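Going by this note's numbering, the first residue of the sequence shown is number 3, and it counts up by one from there. We put the CB at the ideal spot given by N, CA and C, even for glycine. Predicted model only: the values in this text are computed from it and were never measured.
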Amino acid sequence: MYENPYLVYDPNLLQKSLEGIKAAVQGEKEDELFYDYLINIAKSNDDKKIIESIRDDERHHNKIFRQIYNNITGIDVLITDDDEEFIKPTSYLEGIKRALFGELSAVEKYREIRRGLPSTMYRDILFNIITDEIKHSAKYNYLFTLNSSKRK
Numbered sequence: 003m004y005e006n007p008y009l010v011y012d013p014n015l016l017q018k019s020l021e022g023i024k025a026a027v028q029g030e031k032e033d034e035l036f037y038d039y040l041i042n043i044a045k046s047n048d049d050k051k052i053i054e055s056i057r058d059d060e061r062h063h064n065k066i067f068r069q070i071y072n073n074i075t076g077i078d079v080l081i082t083d084d085d086e087e088f089i090k091p092t093s094y095l096e097g098i099k100r101a102l103f104g105e106l107s108a109v110e111k112y113r114e115i116r117r118g119l120p121s122t123m124y125r126d127i128l129f130n131i132i133t134d135e136i137k138h139s140a141k142y143n144y145l146f147t148l149n150s151s152k153r154k
């Protein structure tokens with residue numbers, strides 16, 4: 003008989019969700035550098051405003067992830083200082099493309115985090131973050147299309 007993985011609760015899922023939250027928070031430093039870089043090389047003020055709004059959403063998501071983690075575990079997420087090197091994209095368009103696929107990747111990761119959270123309240127919060135990530139990917143797709151057409 004087929005067993006739907008979304009209807010079966012696995013006690014290990016909460017631990018996986020907490021690890022996913024820590025990874026999401028850890029990635030903040032590189033994402034912040036990347037978005038700030040894109041804002042600095044953006045081709046227009048409209049592009050800058052779009053990327054700034056995405057960056058600001060991501061900052062808010064990070065605070066929410068930290069709060070969820072603390073609410074569940076009673077401890078703060080500790081960020082390791084790995085001194086990850088920021089790799090500049092080869093062009094503005096390449097940066098937009100990387101950002102687009104980063105947002106789509108976040109949707110996949112956040113779906114897994116959502117799956118193991120212990121209450122519908124947290125799952126609803128993650129649903130909102132996931133829809134923001136989808137919205138961000140649409141905005142980056144718009145920027146990619148707009149800037150690709152300008153190159154022709």
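Burial is judged here by how many other beta carbons sit within 10 angstroms of a residue's own beta carbon; Asp38 has fewer than 16 and is exposed.
Across the structure, Ile81 and Lys65 are spaced so that their CA atoms are roughly 13 Å apart. Annotation for Val27: the continuous alpha helix (DSSP H) segment containing it runs Asn14 to Gln28.
Rounded to the nearest whole angstrom, the CA to CA distance from Ile43 to Tyr94 is 7 Å.
Counting along the chain, Leu95 sits inside the alpha helix (DSSP H) bounded by residues Tyr94 to Arg117. A check of alpha carbon separations from Glu114 across Pro13, Asn14 and Ser19 identifies Ser19 as the nearest. The beta-carbon distance between Ile98 and Tyr71, rounded to whole angstroms, is 30 Å. This is too long to meet the 8 Å contact definition.
With a 10 Å radius around the Cβ and a threshold of 16 neighbouring Cβ atoms, His138 comes out buried.
The three-state secondary structure of Asp78, taken from DSSP, is coil.
Using a Cβ distance threshold of 7 Å, Val109 and Val27 do not count as a contacting pair. With fewer than 16 other CB atoms across the displayed protein chains lying within 10 angstroms of its CB, Ala25 is exposed. In summary, Ala140 is exposed, with fewer than 16 beta-carbon neighbours lying within 10 Å of its beta-carbon over all protein chains present.
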